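> Please find one structure pasted underneath; my questions will follow.
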Amino acid sequence: MCPIHKIWLTKTNVRYTEKTNKHEFICIEQCKFIEEKEKNVSYFSHLIFIAEQTYYLLNHLTEPLGLKRLNEFYVIRLQQEGYATMTGRIKWFKLIPCFNRYYGEELLSELNCLININKQNTWLHKMLREPRVSCHPLRHILILGFLGENISSLDEKIESGLAYKPFGDGPWICLNKAADHYQKEVINSCTITRDYKTDLPIGTFSCECGFVFSRKGPDQKKEDRLKRGRIKVFGHVWERKLKELLNQSLSLRETAKILGVDPVTIKNKKSSKLSCKESNQQNTLLNKKRKEWIALLKDNKMQTITKIRSLNSGLYTWLYRNDLEWLHDHYPKFNKNITYKKRVDWVTRDKEIAEQVEIIANEIKSDTENLQRVTKNEIGRRIENISLASLYKNANKMPKTQTVISEYVESIEQYQIRRIKRIARSLRESNPFFKEWELIRVAGLKKKFVQKHKSLIEYETNQ
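Residues 724 to 1186 in this note's numbering are what the sequence shown lists, from first letter to last.
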């Protein structure tokens, strides 16, 4: 396909594979054209696009963008087109059929780019997942065309810092009908979360007037910015306006229309304010009764509850009916039985615990099934008759125990050495000629430990 004239290229009898013709200029008049059968024009526009982008690549000096930046660009564009979630997860069962349908199976088969929806390691998967391998430029051109992009727009958008913004850029419109700035772009705070059912983004918009609302995205058109989902917080401006309207004796429907909510919301708000007022009155009476009871207890410190109750039976009955839990917490305390804890013989306790520590530490080191580092916490968890918290709290009372612990506790490096030796011994029993990488993998060593213990790993491997 010629990208300039947008016509099919025609085959001639000149063989380009022969050495004599490789660098020879041959006039078109000397060529004999080979007639071909009529070509399918259903994907003609796609071939023109591929030819134009190929021509652009060959004739423009473009800086390498890097696999990571390309991958980020593709994922953001897929998010914008609805083929990826807001967390970047690709919707493969939606994307692959649409991609195959866009170009047609015939063209994709000719280009060796047809994607099988039942496979998970196609060239498209490799391109859109974490970039580890490069793909043929033709395949990049195909995905660009599908997304309505080209190489030029790709460069521009990557350089300008393309980002997924399901609700566009701020400031956003405040939808608080009680505020003077209603339907004006004054909101600077937008928090984006994910709807766990639909996987769609949810934007929560917080205005300085205290009004907080949310809506489901992404925004598809300008009018979507005027949509409001759930009101999360009404705010002080809205509440103040509600108070004014309630004093004007308007109907629920009229009040709701002015404030932009449902009449049921106004009804609930009105009931809430009345119940709050009643609650405040109830709390005032409750505090008064409590103070009276506290004063009664102070004046009768050495009396029993039966005696105090008889002094003011009306007060006791009221608290019993309305504040029973508080009343029980404020009974006279002089007559409660006092229990004394048995004194601990710390010398004997220290000796016993020290012996246990030594046994436990040796058990941990000799355990071949479950390799574990010897730590103070692990020893403390296994000791009987004393808790881990007590072991730390009473450390100064058990010097022998602390000495034994310090002798047996392993540093991370000591544990890694023991682990390498133990696993090497185990591998040697089944395969005397195991490799270094096998020892590293089974031992689960991080890179920094591999470098640190390289000589030991080599020694154990060559035993």
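Even glycine gets a Cβ: it sits at the ideal position worked out from N, Cα and C. Given the structure is predicted, the values throughout are model-derived calculations rather than measurements.
So, helix, strand or coil for Glu1181, using DSSP?
helix
> Taking the beta strand (DSSP E) that Ser937 falls in, what are its first and last residues?
935–939
> If we require 4 or more residues per run, which alpha helix (DSSP H) segments fall completely within the stretch 1055–1108?
1069–1089, 1099–1105
> Is the stretch 773–787 touching the stretch 805–815, taking contact as three or more C-beta pairs under 8 Å?
When Cβ pairs closer than 8 Å are counted between the two stretches, the stretch 773–787 is seen not to touch the stretch 805–815, the count staying below three.
> Using DSSP's beta-bridge definition, name the partner residues of Gly926.
For Gly926, which the question treats as bridged, DSSP gives the partners Ile915, Arg938.
> Check whether the Cβ atoms of Ala901 and Val856 lie closer than 8 Å to each other.
no
> Which of the three DSSP states is assigned to Ile751 in this structure?
Reduced to three states, the DSSP call for Ile751 is helix.
> On the criterion of 16 or more Cβ atoms from any shown chain inside 10 Å, does Met850 qualify as buried, or is it exposed?
buried
> Could you tell me which residues DSSP pairs with Thr733 in its beta bridges?
Beta-bridge pairing links Thr733 to no other residue.
> Can you name, in chain order, every residue of its own chain whose Cβ lies under 6 Å from the Cβ of Thr733, other than the five neighbours on each side?
Phe756
> DSSP three-state call for Val956: helix, strand or coil?
strand
> Based on the DSSP output, what are the partners of Glu908 in its beta bridges?
Ile896
> By a C-beta neighbour count over all protein chains shown, 10 Å radius and 16 as the cutoff for buried, is Cys836 buried or exposed?
By the 10 Å Cβ count, Cys836 comes out buried.
> Here's a check: name, in chain order, each residue in its chain whose Cβ is nearer than 7 Å to the Cβ of Asn1058, leaving out the five neighbours to either side.
Residue placement at Asn1058 is poorly supported in this model, since its pLDDT is 49, which falls under 50; the coordinates are not used for a value here.
> Determine the closest residue to Lys791 out of Pro854, Arg1148, Thr845, His848, with distance taken between C-alpha atoms.
Pro854
> Taking 8 Å as the threshold (C-beta atoms), are Leu1034 and Leu1019 in contact?
yes
> Between the C-alpha atoms of Gly1122 and Arg1105, what's the straight-line distance to the nearest angstrom?
The sequence given here has Pro at residue 1122, not Gly. C-alpha separation (whole angstroms): 19 Å.
> Looking only at its chain, what residues have a beta carbon closer than 6 Å to the beta carbon of Lys1088, apart from the 5 residues adjacent to it on each side?
none
> Residues in the same chain with beta-carbon distance under 6 Å from Leu1150, minus the five sequence neighbours each way, listed in chain order, please.
Here the set comprises Phe1157.
> Given Leu975, which residues of its chain have a CB within under 6 Å of its CB, disregarding the five upstream and five downstream residues?
Pro986, Ile989, Lys990
> In whole angstroms, give me the CA-to-CA distance for Glu1075 and Leu1114.
13 Å
> Assuming the contact rule is C-beta atoms closer than 8 Å, Gly933 and Gly952 should be a hit. Round their C-beta distance to whole Å, please.
Not really, about 18 Å apart at Cβ, beyond 8 Å.
> Assuming Ser693 is part of the alpha helix (DSSP H), what are its boundary residues?
Outside the shown range of the chain (724 to 1186) lies residue 693, about which nothing can therefore be said.
> Starting from the N-terminal side, write out each stretch of the alpha helix (DSSP H) that is 4 residues or longer and does not extend beyond the stretch 1107–1153.
Fully enclosed alpha helix (DSSP H) runs of 4 or longer: 1111–1116, 1122–1131, 1135–1153.
> Quick check: the Cα distance between Leu973 and Tyr905, rounded to an integer number of angstroms?
22 Å
> Would DSSP call Ile981 helix, strand or coil?
helix
> Could you tell me whether any Cβ in chain B is nearer than 8 Å to the Cβ of Asp903?
Absent here is chain B; the protein component of the structure consists of one chain.
> Considering just the uninterrupted stretch of the alpha helix (DSSP H) at Leu780, what are its terminal residues?
767–782
> How should Glu1152 be labelled, buried or exposed, when 16 other C-beta atoms within 10 angstroms of its C-beta is the threshold for buried?
exposed
> If you count every other CB in all the chains shown that lies within 10 Å of the CB of His1051, and 16 or more means buried, which is it?
Per the 10 Å Cβ criterion, exposed.
> Output needed for Ile799: all residues of its chain with C-beta closer than 6 Å, excluding positions within five of it in sequence on either side, in chain order.
Leu885, Tyr887
> Could you tell me the distance, in whole angstroms, from the CA atom of Arg852 to the CA atom of Glu1161?
28 Å
> So, does the stretch 869–880 touch the stretch 830–846, judging by three or more C-beta pairs under 8 Å?
no
> So which of Asn794, Leu865, Arg938 has the shortest CA-CA distance to His769?
Leu865
> Under a three-way DSSP split, which group does Phe756 fall into?
Of the three classes helix, strand and coil, the one that applies to Phe756 here is strand, per DSSP.
> When you compare only the Cα positions, how much space is there between Ile840 and Phe816?
7 Å
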